[in-house]
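Colleague:
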Amino acid sequence: MADTYLFQGNPKHYDMDTYLATHPYIYWRCPNYKDKVQIGDKAILWRAGKDAGMIAIGEIVEAPTPASSIKFPELLGQRFWTSDEIDLNDIKVGIVISEVRLTNGEHLITREHFKLDSVVSKHRIITNPTGTVFEIEDTVAKLMFAAWNNSCDFDTDDPAPSKDTDSEGKYSYVLHKRRERSSALRKAKVKHFLTTNDFIHCELCRVNLNDKYPNSLSEGYIEVHHIKPISTLKEHTPTHIDDLILLCPNCHRMVHRTKDAEKNLEELKKWFVDE
Ligand SMILES: [Zn+2]
Ligand SMILES: [Zn+2]
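Written out as structure tokens, the structure reads:
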């Protein structure tokens, strides 16, 4: 049976939020348990510090290996470290991330939540959380995954494209939304957008939601759309800021009105230029 390991990161030394938000395939340091961690084991990603908690789940796809001989060195995420030295002797595990939740709004499971659980609260990740990799016994793992699954957000108000859906279309839409939903990614894109624009607006119809709705509701609201169709991306491809476009909810829905979002986006771009 698959074992579970918890991988901890400290946001003081490492921008793990952005790394996790942009990389569906990541590497994590694995200085201990390196002879035990195996392909197929489950991974819990844990943020240390003042917003501590379980922020992502995934599966081990590369057993512990020196950084010099991993499969995808370009995915090491070295630029997310505050120091940029690479130690090629560092032992790394490859993890495919299946879900990331960075904020309370996305239903991450906080350290405070687990402190109230009579079993999980006795685990070292709560009582003495020093270290990078923690072995999670089955009983504790079950409780942690149950907490994660119980507070998921089923996106009930967010139907898949309605005009021509088949199961494949639905599946790629789910993957697409997963890439777009990350708050860290949205923040990074908005920040980048504001270096050349004075205010946030839809890049198609140019609406400023602040002009249309009470600012108490609309302030800072905008959606991000990933331009490249998921089907053309390898599963491990990181997201780049230039792959993202800011859209108001109406334009975003129109883009996803049919399965061919790329074509719809082109049509809408022309439409708004000619208007
Ligand atoms: Zn728009
Ligand atoms: Zn989209």
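Those letters in the sequence shown? Residues 55 to 329, by the numbering used here.
For each residue, glycine too, the CB sits at the ideal point set by N, CA and C.
Please report the straight-line C-alpha distance between Asp211 and Gly274, rounded to a whole angstrom.
Modeller: Note that Asp211 scores 40 on pLDDT, short of 50, meaning its location in the model is unreliable; the coordinates nonetheless yield the value given after this. The straight-line gap from Cα to Cα measures roughly 20 Å.
Colleague: Report the rounded CA-to-CA distance for Val91 versus Pro118, giving the unit in angstroms.
Modeller: Approximately 7 Å, taken between the alpha carbons.
Colleague: Please state whether DSSP places Val173 in a helix, a strand or coil.
Modeller: Coil at Val173, not helix or strand.
Colleague: Could you check if Lys96 is buried or exposed, using at least 16 other CB atoms within 10 Å of its CB as the buried criterion?
Modeller: Its Cβ being crowded by 16 or more others within 10 Å, Lys96 is buried.
Colleague: DSSP on Met108, reduced to helix/strand/coil?
Modeller: Residue state, collapsed to three classes: strand.
Colleague: Is Phe61 helix, strand or coil by DSSP?
Modeller: Reduced to three states, the DSSP call for Phe61 is strand.
Colleague: Which residue spans inside the stretch 143 to 195 form an unbroken beta strand (DSSP E) run of at least 3?
Modeller: For the stretch 143 to 195, whole beta strand (DSSP E) runs of length 3 or above, ordered along the chain, are 145 to 154 and 187 to 190.
Colleague: Would you check whether ligand 2 has a heavy atom nearer than 7 Å to the C-beta of Ala315?
Modeller: Ala315 Cβ: within cutoff of ligand 2.
Colleague: For Val309, which option in Pro127, Val327, Val244 and Ile281 has the closest C-alpha, if you only look at C-alpha atoms?
Modeller: Among Pro127, Val327, Val244 and Ile281, the Cα nearest to that of Val309 belongs to Ile281.
Colleague: Using 10 angstroms around the beta-carbon of Tyr73, count the other beta-carbons present and answer buried if the total reaches 16, otherwise exposed.
Modeller: With 16 or more Cβ atoms within 10 Å of its Cβ, Tyr73 is classed as buried.
Colleague: Using 8 Å for Cβ pairs, my map puts His77 next to Gly148. What's the rounded Cβ distance?
Modeller: So it is not a contact: roughly 11 Å between Cβ atoms.
Colleague: Whole angstroms is fine: what's the gap from Phe188's alpha carbon to Arg178's?
Modeller: Whole-angstrom Cα-Cα distance: 8 Å.
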